[in-house]
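Chains as they are written, first to last, in the numbering used here: chain A, 47 to 295; chain B, 17 to 62. Everything on this sheet refers to the single structure shown next.
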């Protein structure tokens, strides 16, 4: 087994996983040793998305059901999110767009670029709309989430506590341990101090035998609009099992 | 992006003081029900 690593200096208890190809292998690495490495050019992020229900980390009444991403609004969010995630000359495409929104109208009004007044006004309005959209998308964290009334009533508030038995009857059967369920996850993920906010990232949800739950996602190197690329430092990394509440050896 | 069935989980972080939300969205309602059932199984609400 090689001892190659990518972005960080060696430390204690690192373990190399030659190929991340199987979730069980990943779990084995997590429980057997504290750290592992992913040698190919994708970063696997294991978020702080684990909790141990025995410790009461999953609070009651905190699960909400809803739908997200209204079509048009969601498309804007997705576009701005991709601008934020990709860089050109180490600057996010979103910042390039913002800069462009200031420079283009300025060149028109300063007559560095001779156009009609109407064109300048339209360009200014368009730039203002783009700026507003990017600001709003960032403020909403690129996600729109709407709660369903039934679920809201069912799980609203900590005061509405239900007995475990009743809740289990309501819930049905749990998933088998180590089963993988494909989901899309939105939230903060971490790996070895690298913390990223990801939106609708293809992920895997699993429940370990200890009844801890985890959402893992891989972040590939991507390009956007043939201009920007995702960051190199997010392509490979370490992660710590201890940091996520998983049992360490 | 089309509307998708989703769950919002409020994650309690013992180390940090700040709680965070995690959104899980699914391709279909059946998958969401499975994950919700799994989460509810461990939710000691008593």
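Cβ atoms here follow ideal geometry from the backbone N, Cα and C, with glycine treated the same way.
Mind pulling the chain B residues with CB within less than 7 Å of residue i?
i	result
residue 253 of chain A	54
residue 156 of chain A	Those do not exist, as residue 156 of chain A stays about 39 Å from chain B at its closest Cβ, beyond 7 Å.
Starting from the beta carbon of residue i, find every residue of chain B whose beta carbon is closer than 8 Å, and list them in chain order.
i	result
residue 229 of chain A	40, 41, 42, 47 and 51
residue 261 of chain A	38 and 40
residue 221 of chain A	50, 51, 53 and 54
Out of the options, state which residue places its alpha-carbon closest to the alpha-carbon of residue i.
i	options	result
residue 181 of chain A	A/156, A/260 and A/147	A/147
residue 266 of chain A	A/122, A/130, A/253 and A/247	A/247
residue 48 of chain B	A/227, A/236, A/156 and A/159	A/227
residue 130 of chain A	A/141, A/122 and A/230	A/141
residue 262 of chain A	A/187, A/118, A/132 and A/233	A/233
residue 235 of chain A	B/45, B/37 and B/43	B/37
residue 53 of chain B	A/268, A/183 and A/221	A/221
residue 63 of chain B	A/132, A/157, A/260 and A/269	Since the displayed chain B opens at 17 and closes at 62, residue 63 of chain B lies outside it and no answer follows.
residue 151 of chain A	A/136, A/164 and A/173	A/173
residue 170 of chain A	A/149, A/189 and A/184	A/149
residue 119 of chain A	A/191, A/155, A/168 and A/258	A/191
Let me check you understand the geometry: is the CB of residue i closer than 7 Å to at least one non-hydrogen atom of the ligand GTP?
i	result
residue 23 of chain B	Within the structure as shown, the ligand GTP is missing, as the structure has no ligands at all.
DSSP three-state call for residue i: helix, strand or coil?
i	result
residue 179 of chain A	helix
residue 257 of chain A	coil
residue 248 of chain A	strand
residue 277 of chain A	coil
residue 188 of chain A	coil
residue 54 of chain B	helix
residue 150 of chain A	helix
Just the Cα atoms here: how many angstroms apart are residue i and residue j?
i	j	result
residue 225 of chain A	residue 243 of chain A	25 Å
residue 271 of chain A	residue 255 of chain A	43 Å
residue 276 of chain A	residue 138 of chain A	9 Å
residue 159 of chain A	residue 153 of chain A	5 Å
residue 231 of chain A	residue 249 of chain A	6 Å
residue 166 of chain A	residue 187 of chain A	31 Å
residue 39 of chain B	residue 274 of chain A	26 Å
residue 251 of chain A	residue 41 of chain B	11 Å
residue 179 of chain A	residue 128 of chain A	14 Å
residue 78 of chain A	residue 50 of chain B	Any reading at residue 78 of chain A needs caution, since the residue's pLDDT is 35, under 50, leaving its predicted position unreliable; the model's value is listed next. Looking at the two C-alpha atoms, the distance is approximately 29 Å.
residue 162 of chain A	residue 20 of chain B	45 Å
residue 123 of chain A	residue 143 of chain A	15 Å
residue 164 of chain A	residue 23 of chain B	47 Å
residue 136 of chain A	residue 229 of chain A	31 Å
residue 189 of chain A	residue 133 of chain A	21 Å
Taking C-beta pairs closer than 9 Å, name the residues in chain B that residue i reaches, listed in chain order.
i	result
residue 232 of chain A	22, 37, 38, 39, 40 and 41
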